[in-house]
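Asker:
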Amino acid sequence: MGRLDMLLDGVLGLELDGREHHSTETAFDEDRRRNNYYVVNGIPTLRVKYSTVFYHPEEFLQLVSSAMTKVMSQR
Numbered sequence: 004m005g006r007l008d009m010l011l012d013g014v015l016g017l018e019l020d021g022r023e024h025h026s027t028e029t030a031f032d033e034d035r036r037r038n039n040y041y042v043v044n045g046i047p048t049l050r051v052k053y054s055t056v057f058y059h060p061e062e063f064l065q066l067v068s069s070a071m072t073k074v075m076s077q078r
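In this note's numbering, the protein residues as written are 4 to 78.
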């Protein structure tokens, strides 16, 4: 099983998705297995398009900030 692109403070996973990495059924399936593994093990994971990170960084940062606030409040 692959790794998350980023694990923030050990409590929030981050996956940056681009079309080139999800062009095959195998790659798509592996992403779903990885995502399910982390959810089952208590690590919620945000999935964000590369284009959002690069072209809308304020939206991306707000999403991460909101998610971290929510996750930390539940600890």
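Ideal placement from N, C-alpha and C gives every residue a C-beta, glycine not left out.
Report buried or exposed for F63, applying the criterion of at least 16 other Cβ atoms within 10 angstroms of its Cβ.
Answerer: F63 comes out buried.
Asker: Along the beta strand (DSSP E) that carries T72, what are the first and last residues, could you check?
Answerer: Element bounds for T72: not the beta strand (DSSP E) but the alpha helix (DSSP H), P60 to S76.
Asker: Check whether the Cβ atoms of L17 and T48 lie closer than 8 angstroms to each other.
Answerer: It is a contact, given that the beta carbons lie within the stated cut-off.
Asker: Starting from T48, trace the beta strand (DSSP E) in both directions and tell me its first and last residue.
Answerer: Element bounds for T48: T48 to K52.
Asker: If you check the beta carbons only, do D20 and V42 fall under 8 angstroms apart?
Answerer: It is not a contact, given that the beta carbons lie outside the stated cut-off.
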